[in-house]
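Engineer: Counting from 1, one number per residue, gives the positions in the sequence shown under full-length UniProt numbering. One structure coming up, written as structure tokens, with questions to follow.
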Amino acid sequence: MPVRQPPAHPNQPTPPTPPFNAPAARRLRAALGMGPEHVAYGMRASYGLPYVTPDLVIAWERGVTYPSSPELTALAGVLWCSPGELIGRPRTLREHRVSRGLAPEDVARGVGLELSAYLRMEESDTWRGNERQSAALADILGLDLPDFVTVTGREAKLADLLRSAVTTRWQAYVRPVGKTVPLDRGVLEVVLQELHGEYQGQMVATLSWGGGSRESSDNGRDFLDRIVDHFWAAVDSNTAQGHGY
Numbered sequence: 001m002p003v004r005q006p007p008a009h010p011n012q013p014t015p016p017t018p019p020f021n022a023p024a025a026r027r028l029r030a031a032l033g034m035g036p037e038h039v040a041y042g043m044r045a046s047y048g049l050p051y052v053t054p055d056l057v058i059a060w061e062r063g064v065t066y067p068s069s070p071e072l073t074a075l076a077g078v079l080w081c082s083p084g085e086l087i088g089r090p091r092t093l094r095e096h097r098v099s100r101g102l103a104p105e106d107v108a109r110g111v112g113l114e115l116s117a118y119l120r121m122e123e124s125d126t127w128r129g130n131e132r133q134s135a136a137l138a139d140i141l142g143l144d145l146p147d148f149v150t151v152t153g154r155e156a157k158l159a160d161l162l163r164s165a166v167t168t169r170w171q172a173y174v175r176p177v178g179k180t181v182p183l184d185r186g187v188l189e190v191v192l193q194e195l196h197g198e199y200q201g202q203m204v205a206t207l208s209w210g211g212g213s214r215e216s217s218d219n220g221r222d223f224l225d226r227i228v229d230h231f232w233a234a235v236d237s238n239t240a241q242g243h244g245y
């Protein structure tokens, strides 16, 4: 049976959907002893969403389609949970706001921006706040440092700097990386040296085996592709040993 979605208004663009955690939705429903039909009925009766059917609920749970922000809020209400429990790891400014259950007006007021200016930043996925506003944003949305770097649009630049650091002289990139990520210089030096050593070690191993195998080369490319993940893992490891952000 085809899954019915709400009709789109001809002059209103479809808003982007938050990252939906389908397994969590299925698990929460089962824990309450509810069937898809019960969830659908609750969303129709209590939240005024007449088009929601059991088939649509099942489609959400299987990852065939994803609920919009209003649908996710209603689904959370029916499942007696917060919207954040139904959202996968948020990455964008809007996704972090939705996961916290905040209205755009709340965030705009909290960071000291006009609502229209804040909404433009959400729509373009580009944060343009100053240092004070950025600190307020991190506090309101509960952003840790990796999330803050991603939300403020610095992750791509960080990745480029890190790739250069591990493939050339890491010492030359301590300051540029520090300008992108507000970390203690001592932590940065240790982390960049570790990443450089790990990557170069893979390359030396590749050469020592007569030019390298396809697997070794693929490992090197995968390391560079996931360099930001490696960076944060190394930062966590070193800060846990007594350093600090």
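Note that beta-carbon positions come from the ideal geometry of N, C-alpha and C, so glycine has one too.
(1) Using DSSP's beta-bridge definition, name the partner residues of Phe-20.
(2) Does the beta-carbon of Pro-83 have 16 or more other beta-carbons within 10 angstroms, so that it is buried, or is it exposed?
(3) Compare the C-alpha of Asp-106 against each of Val-228, Ala-76, Glu-189, Asp-139 and name the closest.
(4) Distance check for Gly-48 and Pro-23, CA to CA, integer angstroms please.
(5) Using beta-carbon positions only, say whether Arg-44 and Pro-50 come within less than 7 Å of one another.
(6) Can you list, in chain order, the residues of its chain with a C-beta nearer than 6 Å to that of Arg-94? Leave out the 5 residues immediately preceding and following it.
(7) How many Å lie between Ala-135 and Arg-221 at the Cα?
(8) What would DSSP say about Gly-33, mapped onto helix, strand or coil?
(9) Excluding sequence positions up to five away, which residues of its chain have a Cβ less than 7 Å from the Cβ of Asp-125?
(10) To the nearest angstrom, how far is the alpha carbon of Glu-131 from that of Val-228?
(11) Among the candidates Trp-80, Leu-143, Arg-169, Pro-70, whose CA atom is the shortest distance from the CA of His-96?
(12) Since residue 248 contacts Arg-169 with CB under 8 Å, what's their CB separation in whole angstroms?
Structural biologist: In short, the structure shows the following:
(1) Along the sequence shown, one-based indexing puts residue 20 at 20. BP columns for Phe-20 point to Ile-87.
(2) Position 83 of the sequence shown holds residue 83. With 16 or more other CB atoms across the displayed protein chains lying within 10 angstroms of its CB, Pro-83 is buried.
(3) Here residue 106 is taken as the residue at index 106 of the sequence shown, counted from 1. Asp-139 is the residue among Val-228, Ala-76, Glu-189, Asp-139 whose C-alpha sits nearest the C-alpha of Asp-106.
(4) By 1-based counting over the sequence shown, the position of residue 23 is 23. By 1-based counting over the sequence shown, the position of residue 48 is 48. Between the alpha carbons of Pro-23 and Gly-48 lies a gap of roughly 25 Å.
(5) Within the sequence shown, numbered from 1, the residue matching residue 44 stands at position 44. Within the sequence shown, numbered from 1, the residue matching residue 50 stands at position 50. Yes, these two residues count as a Cβ contact at 7 Å.
(6) Within the sequence shown, the letter at position 94 stands for residue 94. These residues qualify, in order along the chain: Glu-122.
(7) Start at 1 with the first residue of the sequence shown, and residue 135 comes out as number 135. Start at 1 with the first residue of the sequence shown, and residue 221 comes out as number 221. Approximately 35 Å, taken between the alpha carbons.
(8) Your numbering for residue 33 matches position 33 in the sequence shown. Per DSSP, reduced to three states, the secondary structure at Gly-33 is coil, with no helix or strand assignment.
(9) For the purposes of this step, residue 125 is taken as the residue at position 125 of the sequence shown. So the list reads Thr-92, Leu-93, once near-sequence residues are dropped.
(10) Within the sequence shown, residue 131 is the residue found at index 131, counting from 1. Within the sequence shown, residue 228 is the residue found at index 228, counting from 1. When only Cα atoms are considered, Glu-131 and Val-228 end up about 23 Å apart.
(11) Residue 96 sits at position 96 when you count from the first residue of the sequence shown. Considering only alpha carbons, the answer is Leu-143.
(12) No answer is possible for residue 248: the residues shown for the chain start at 1 and end at 245.
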